[in-house]
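Numbered per this note's numbering, the sequence shown spans residues 27 to 256. Here's the structure, in structure tokens; my notes come after.
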Amino acid sequence: MKAEDFLEGQILLIDKPLTWSSFQAVNKLKYVLKRKYDLPKKFKIGHAGTLDPLATGLLIICTGKFTKKITEIQAQTKEYTGTIVLGATTPSYDLETEVDATFPTEHINDALILETLKQFLGEIDQKPPVFSAIKKDGKRLYEHARAGEEVEIASRKTTIFEFEITRIALPEVDFRVQCSKGTYIRSLAFDFGKALQSGGYLSVLRRTKIGDYSVENGITPEAFEKKILE
């Protein structure tokens, strides 16, 4: 590829590694491309949908004129796989924070799990986690949370198109979910645990698809660097 190809626009499918922020992944690709090609200072590059550092999987990165497609790509249906741990909660609804409460799980069986997930199909009301990047009173929610400030979070409508349980090995439950833009899988894990009269938090999350784009066709930032610089 030539510099012109990236300036005209490319859609790059990246398999984001664990602990990397989406910002880090974009910066890595920007560094690699600028190192390889004589790109202008105003070279545009951005991602179509943030993935938390504790999540892996598909991060779509657009370059040049294709950065105009970001909003369109972000609006497409997303697919995730992951693991919910039942019987406990964390303030962040995932492993970013420590367990803050435990709950009974003796009453939970396969039949109850499969019956309960039906509540989460279709349009649902969902509250974003307090540890999220949504802004409230000029500050991101996670900034309020880390400062120990309590804030009222409004629920929002989201749609779960498919919710499938792929493995039950209590307290762990593996799942695959297809959902609309703006869905928080961490909140889904928390709400699912609550609906089971217990607790729940997300221990593993991987984004597998956005629209027709699949992580199966993605490469890691390191593999991208090797491919461009070789």
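Here a beta-carbon is modelled for each residue, glycine too, at the ideal position from N, C-alpha and C.
- If you look at A249, you'll find it isn't in any beta strand (DSSP E); it sits in the alpha helix (DSSP H) that goes 247-255.
- Rounded to the nearest angstrom, the gap between the Cα atoms of T93 and S229 is 32 Å.
- Between G108 and R232, the C-beta gap is smaller than 8 Å, which places the two residues in contact.
- Contact annotation: L143 and T131 have beta-carbon atoms that are not nearer than 8 Å.
- According to DSSP, I179 shares a beta bridge with no other residue.
- Within the model, the alpha-carbon separation for A215 versus D200 is close to 11 Å.
- Distances from the CA of D31 to each of Y63, Q50, A51, Y57 were compared; the closest alpha carbon is that of Y63.
- Between the region 43-52 and the region 70-77 there are three or more C-beta pairs closer than 8 Å, enough to call the two in contact.
- Rounded to the nearest angstrom, the Cβ distance from R202 to Y119 is 19 Å, too far for a contact under 8 Å.
- Shown here, F146 sits in a helix according to DSSP, grouped into three states.
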